[in-house]
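Please read the structure below before turning to the comments.
Residue numbers (this note's numbering): 408 to 1168.
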């Protein structure tokens, strides 16, 4: 919803009207006086009167002639001016651009419309405006060059041409820019200062007019013109009147002339109006300048005027929510007092209050209390106060210096702590993100194997004899001579013989042999897919013919994240790659935890470290998922075995490193440690025959308070300092979204602070 101030031309309350009867008052005005009006400190006089030349006062201070009568006949407009074009038109007059034939200056010509020239009241008002404006010789009142007629007896007012816009247009443009670009893009404080400077120029002009015993009676932003160099001109003096009439002057009929939104209460009531009526209108304009919205609400004329009479003005609130200084509010309220006696006595007092407010001085609209008076007194008697303060400062300088030093020390320590904590957490988060990327990569590899398996099991109808070409059957102890695959080589990392040329399959003691043979025959071509899953398990590696042998060598000697790839049939057979001969005789994949976990979830499922037949190289962490074809037929489970030791080593090399790192761990939602360099399972081998339950018991991470604080963090990440054994221990953690685990780094924060401060090498 747009505020009425955005469209002033559409509001009838902004048009100048003339009423013959006062508006009925429905609410009694309450007069409020200040509780402490007396001045405590006297105000020194200034020397403004020195600017006045007493020699010319007899000419510049005479009473203005506001009558519509002309002493001599008007000269012809065309004799001295050439009209160039008409550029504006109002209800009663048009404004044209003309050129002075003698002086060659460009002027503005305001011409009474032809159809109105015989209407005596309008013509007399036009002449009055010309005479009053011409006699008000002030920089903020537009100069008049002449009053002329034409051959058709029309009346033309020649004045200075102002190339600019009205204050209303200026305010509308300010609001429009604030709405389009946001008020934050502009310096509203500086813009308000410029608007107040414009208002002060208007006040100067009206103060001069009041000095000449003239009130404007139609002040509004539309009648204030701003030049292209920010000159300010008060225009439209057509309904201006004298403030004080001679005692013998005939009584004038009370009428209400002006713009409804800018009437004073006394004008609407039909009471006599003096300069305080203009001050009320200036208060309305001042509130608009400060708040960028109308000071009086209402759409229709009668509603607006009723609000003015009853004192129901809009609250002094900025259109865009900016704070308005309380002193400025006090100035506006005093100018808009319902009782004229409570307003400023003169426009000069109003403008003086604004100038004093801008200079940080006391204002009459809100007299200072005793504390503010003392503060301002101290500012005026700076030398004496400095001497007094110096005595106290000499006695307190040591304490102040120590206080400053101590605060700087604390600030530096807090800054260092904050910087170190941010750095620690940044590395923790980066390491956790790397873990998540590794997990996503492993899941992608597993999905590729599962999709290839489901495709083969549905569409491949190969013969059973084809199995022996890629996968060898498991035989306890190696089987008979000739049953081992060719090309076996010893792997220092996995601590066994193996080959990349073949895989192995193991049939469970209780298995459906016909279905097993079908599974093996269909799955024989899966070996290249499994090879890719093993050798591409390090993120960022793409298997090609060039790096094939190099990656095989790395897997054999140093290990890769994936130890093996396997596919287990629901009928009781396991196919595994690369080949290995470490199986127990009663091995049945359907009883393994990784198989059972996969049955409960259609997507990839991560298990916990477990002991398997390949535990000579350390524990394995499984990732498994169902093998289903596009029709949803279930065939079994595919999986990857990840190296516990390899993942833990990667954990140590990422994130924060140094002697201040006490521990790095991966913790499950139950608070138990999955991975840790300090784990009893790290770099150990296990005998699967001695573990009835392949999944090992996992230790709890630290104490319950620490675990609860990490697991209770709703966002899943953060850091906190915990005092332990006389030192500060920093826990930095982040949730691993893919694993659904927590990565935690434990930092000796006291030691890290000492190292960063250079107190420890």
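From the three backbone atoms N, C-alpha and C, an ideal C-beta is built for every residue, glycine too.
- Fewer than three Cβ pairs drawn from the region 894-906 and the region 934-949 lie within less than 8 Å of each other, which leaves the two stretches out of contact.
- Within the same chain, and ignoring the five residues on either side of residue 1146 in sequence, the residues whose Cβ sits closer than 6 Å to its Cβ are 846, 1013.
- Nearest in C-alpha terms to residue 836, of all of 640, 1008, 947, 1071, is 1071.
- Contact between the region 944-956 and the region 838-852 is present, with at least three C-beta pairs closer than 8 Å.
- Residue 963: member of the alpha helix (DSSP H) spanning 955-964, first to last residue.
- Taking one beta carbon from each stretch, the region 635-648 and the region 605-625 have 3 or more pairs nearer than 8 Å; the two touch.
- Residue 646 sits in coil when the DSSP states are folded into three classes, being neither helix nor strand.
- Its chain contains 1016, 1025, 1026, 1028 as the residues whose beta carbon lies nearer than 6 Å to that of residue 1051, once the 5 sequence neighbours on both sides are disregarded; these appear in chain order.
- Around the beta-carbon of residue 913, 16 or more other beta-carbon atoms lie within 10 Å, marking it buried.
- The C-beta distance from residue 516 to residue 503 rounds to 5 Å, short enough to meet the 8 Å contact threshold.
- For residue 697, the three-state secondary structure derived from DSSP is helix.
- DSSP, reduced to helix, strand and coil, places residue 623 outside both helices and strands of the structure shown, so it counts as coil.
- If you draw a 10 Å sphere on the C-beta of residue 563, you find 16 or more other C-beta atoms in it, and that means buried.
- In summary, residue 685 is buried, with 16 or more beta-carbon neighbours lying within 10 Å of its beta-carbon over all protein chains present.
- In this model, residue 877 and residue 1001 are separated by some 25 Å (Cα to Cα).
- Distance from the CA atom of residue 632 to the CA atom of residue 568, rounded to whole angstroms, is 11 Å.
- For residue 1030, there is no enclosing alpha helix (DSSP H); the residue is part of the beta strand (DSSP E) that begins and ends at 1027-1035.
- Per the coordinates, the alpha-carbon of residue 602 lies some 27 Å from the alpha-carbon of residue 494.
- Rounded to the nearest angstrom, the Cβ distance from residue 881 to residue 990 is 5 Å, consistent with a contact under 8 Å.
- Bounds of the alpha helix (DSSP H) holding residue 613 are 595-618.
- Between the alpha carbons of residue 730 and residue 724 lies a distance of about 8 Å.
- Note that the C-beta distance between residue 699 and residue 578 is below 8 Å.
- Judged by DSSP secondary structure, residue 1165 falls outside any beta strand (DSSP E); it is assigned neither H nor E.
- Per DSSP, residue 933 is not a residue of any beta strand (DSSP E), being assigned neither H nor E.
- Straight-line spacing of the CA atoms in residue 1142 and residue 1106 works out to 19 Å.
- Boundaries of the beta strand (DSSP E) around residue 563: 562-567.
- The closest CA to that of residue 992, considering only 894, 1007, 916, is found on 916.
- The residue among 687, 1076, 649, 585 with its C-alpha nearest the C-alpha of residue 667 is 687.
- Going by DSSP, residue 575 is part of the alpha helix (DSSP H) stretching over 574-588.
- A straight line joining the alpha-carbon of residue 1158 with that of residue 850 spans about 39 Å.
- Residues of the same chain with a CB within less than 6 Å of the CB of residue 899, apart from the 5 flanking positions on each side, are 964 in chain order.
- Residue 690 and residue 550 have their alpha carbons spaced roughly 26 Å apart.
- In the three-state reduction of the DSSP assignment, residue 816 falls in the helix class.
- In the structure shown, residue 922 adopts helical secondary structure according to DSSP, grouped into three states.
- Between residue 637 and residue 799, the alpha-carbon positions lie close to 50 Å from each other.
- The C-beta of residue 779 has fewer than 16 other C-beta atoms within 10 Å across all chains shown, which makes the residue exposed.
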